[in-house]
Amino acid sequence: MFVQLVHIRIKQGRLKEFFEVFQVNFDGTRAEPGNYRFDVLQDPEDEHHFVIYEAFENETAVDAHRQTEHYRVTVEGLKDLMTTGTREKNFFQMVMPDHDAALAGE
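For reference, each letter of the sequence shown is one residue, going 13 to 118 in our numbering.
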């Protein structure tokens, strides 16, 4: 399983617009066949900082996700809403509950 955390920081006063723009990606991604989880988390100490937890079957499913219309529309819609103009991404590989696969790479 392939997991990524995407950090998005939204400008002050633009939260309503963020939710409207991101709903398109949320609904579309959760319907994709290779998507296992797609959760939107809000930082309790900074309401303008969101972390998107995405779990996909594999990197191929992530690549397919990036080709969808809902992804393209959302990325375009976020450009003016973000404080930095970019999204920070961290990539992970699931090792538990299937830690034997991780050990095989030792």
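Cβ atoms here follow ideal geometry from the backbone N, Cα and C, with glycine treated the same way.
contact_flag[the segment 67–86, the segment 39–53] where n(CB pairs < 8 Å) is 3 or more: The segment 39–53 and the segment 67–86 touch, with three or more beta-carbon pairs separated by less than 8 Å.
Unbroken beta strand (DSSP E) runs of length 3 or more, entirely within the segment 19–90: which are they? Within the segment 19–90, the complete beta strand (DSSP E) runs of at least 3 residues are 47–55 and 58–68.
According to DSSP, which residues form a beta bridge with L17? L17 pairs with Y65 and N102.
Cα-Cα separation, E66 to I20: Rounded to the nearest angstrom, the gap between the Cα atoms of E66 and I20 is 13 Å.
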